[in-house]
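Per numbering that gives the first Met the number 0, numbering through the sequence shown is continuous, rising by one, with the last residue being 187.
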Amino acid sequence: MSDASPVKVLALSGSLRKGSFNTLAIHAAKELAPPGMAIELYDLAPLPMYNDDVRVAGYPSVVQAFRSAIAASDAILFASPEYNYSVSGVLKNAIDWASRAPNMPFDGKTAAIIGASGGALGTARSQRDLRWIMSGLNVYVVNLPHVYIGGAAQKFDAAGKLTDQPTRDFVKQLLENLRDLTVKLRAR
Ligand SMILES: Cc1cc2nc3c(=O)[nH]c(=O)nc-3n(C[C@H](O)[C@H](O)[C@H](O)COP(=O)(O)O)c2cc1C
0 MSDASPVKVL
10 ALSGSLRKGS
20 FNTLAIHAAK
30 ELAPPGMAIE
40 LYDLAPLPMY
50 NDDVRVAGYP
60 SVVQAFRSAI
70 AASDAILFAS
80 PEYNYSVSGV
90 LKNAIDWASR
100 APNMPFDGKT
110 AAIIGASGGA
120 LGTARSQRDL
130 RWIMSGLNVY
140 VVNLPHVYIG
150 GAAQKFDAAG
160 KLTDQPTRDF
170 VKQLLENLRD
180 LTVKLRAR
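This is the structure in structure tokens:
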């Protein structure tokens, strides 16, 4: 990656639900991405449940493709529902597949976290867990702003567009900070 090349962001939604607010938040991020950033949504649905016997026998091609997509990106954008106070099983399963040797693809990447929920806290509890998980994989997570999209049903319109202006401003600022952190680390 050269200094001038756009920051390539792989976006992972922790919800497989059609109409997922978290996937919609990623679509909003694509719309709000600053200059010098390209965001691509990666579909986690094809990933099997993690099984270490399978890993030892050789990563399935869908898993290898996922690992390669992470490796080819500069940064990760996470948008996950909070399930029972933590990240969704869909996202944790994907992270687990990507976390094993060889060539651990998350190592040294940057990341930003957003999250939407029906409740008032907007995934605050699960984002804390995700930051902790990422620390063990040597991922540099942007500190601020925290983007908690609580009461999600009121923040998107019927067409799925993120309409809440303060939330749009937070997402935009977070993406700018992700771009700047990634470029800063790239220069080292
Ligand atoms: C299994 C399950 C557990 C949930 N646990 C929480 C929770 O701990 N905190 C919360 O705010 N919402 C919780 N919810 C509600 C989700 O915030 C809500 O379903 C949200 O829309 C899911 O995100 P999505 O729209 O991207 O699918 C839970 C939903 C499910 C299905």
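Ideal placement from N, C-alpha and C gives every residue a C-beta, glycine not left out.
Looking at the DSSP output, K7 bridges to A37.
Residue environment analysis places N137 among the exposed positions, since fewer than 16 neighbouring C-beta atoms fall within 10 angstroms of its C-beta. Shown here, L143 sits in coil according to DSSP, grouped into three states, outside any helix or strand.
Counted as a single uninterrupted DSSP element, the beta strand (DSSP E) harbouring L76 occupies residues A74 to A78. If you look at G114, you'll find it in the beta strand (DSSP E) that goes T109 to A115. With a cutoff of 8 Å on beta-carbon distance, A27 and L161 are scored as near each other.
Remark: the shortest separation between the CB of L120 and any heavy atom of ligand 1 falls under 7 Å.
Positions of the beta strand (DSSP E) runs, each at least 3 residues long and wholly inside the stretch 13-65, are given as 36-41 in order along the chain.
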